[in-house]
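Counting along the sequence shown from 1, when you hit position 95 you're at 95 in UniProt numbering, and nothing is skipped either side. First the structure, in the form of structure tokens, and then the observations on it.
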Amino acid sequence: MVASFESRPLKAAIWLMTAIGLAIIYLPPLYLVAVSFNPALQPALPALSDVSLTWYFALAKERTLISALQESLLVATITALVATGLALLSALAYMDLGKWRSRWFMFVLLPMFVPGIIQGLSLSVIFGRIGLKPFWGTVAASHLLWALPFAFTVILTSMAAVRRSYLLAASDLGASWWRQLVDVTLPLIKPGLVAAFIFSFLLSLNEFGRAFYLVGRQNTLPLAMFGKMNSGASPTIYALSGSIFLASILAVSFVLLAARANNRKLRR
């Protein structure tokens, strides 16, 4: 069985399928980034001599997009903070549970499987019943349900670095549960907390379906960009999309580098 997986044709097929999958995922946004450097109005790949930052400088004049970006950044920051905190508490509860672990795991992950349109519509009806008008807080509440399961999974995975022997040793030295959490658990899972925050932030920043039903007077960025596309795509949209894509790559790279540095520190 092992020898069959080491055959060259199979390895080549695996690498080919991997390359095709990565191309499907990354080529469209990379194409969008390349188009954003074209000074012309028509979306097309620019020649090397025509590469320009025209539409990136023009972003400063797009008040609608800037206001929507500010709204999305506010919602995403609050969502990420609350989701990371609740995910940490949920992961700690999971570690202390016995036979109820699997049920708790599915309970926390359940919102992940609810379609965004249904979740947004149901929350809109509930908020309307209690007289809560749509504003950034209602959008953040819906995004929290979406981001929490992912943040929980990331933090729970990072909990593997916390060995029970570490906690027992701290307990033998007289450390309370709180001191064990602050001095042992949190330093070991710091990369997981950072990753959960960034993951939740990006999920909220790009969410459309839930925000559509719960947004107030100020649109979030995905809704504003959708409206711009329907009224005639402006090249500034490509520049803004390229900026967000590059910022997302930098954020993920930061998480990976932080996790690698933390692993090296633990090995020492």
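Where is the CB? At the ideal position from N, CA and C, for every residue including glycine.
- Nearest C-alpha to R163 among I189, G174 and W146: I189.
- Rounded to the nearest whole angstrom, the C-alpha separation of T236 and L30 is 16 angstroms.
- Taken atom to atom, the span from the alpha-carbon of L81 to that of L89 is near 13 angstroms.
- Cβ contact annotation for L65 (same chain, cutoff 8 angstroms, sequence separation greater than five): L59, L221, A224, M225, K228, T236, I237 and L240, in chain order.
- In the three-state reduction of the DSSP assignment, L53 falls in the coil class, being assigned neither a helical nor a strand state.
- In this structure, DSSP gives P28 a helical state, which the three-state scheme calls helix.
- Spatial neighbours of A175 in its own chain (CB-CB distance under 8 angstroms, excluding positions within 5 residues in sequence) are listed in chain order as D183 and V184.
- Here W55 has S36, P235, T236, Y238 and A239 as same chain residues with Cβ atoms under 7 angstroms from its own Cβ, once five neighbours each way along the sequence are excluded.
- Pairing I198 with V255 gives a Cβ-Cβ distance under 9 angstroms.
- If you draw a straight line from the Cα of P187 to the Cα of N206, it is about 30 angstroms long.
- In this structure, L193 keeps its C-beta atom at 9 angstroms or more from the C-beta atom of L148.
- Residue state for I249 is assigned as helix, using DSSP reduced to three classes.
- Counting C-beta atoms within 10 angstroms of its own C-beta, F150 has 16 or more neighbours from the protein chains shown and is therefore classed as buried.
- S204 sits buried, since 16 or more C-beta atoms from the chains shown fall within 10 Å of its C-beta.
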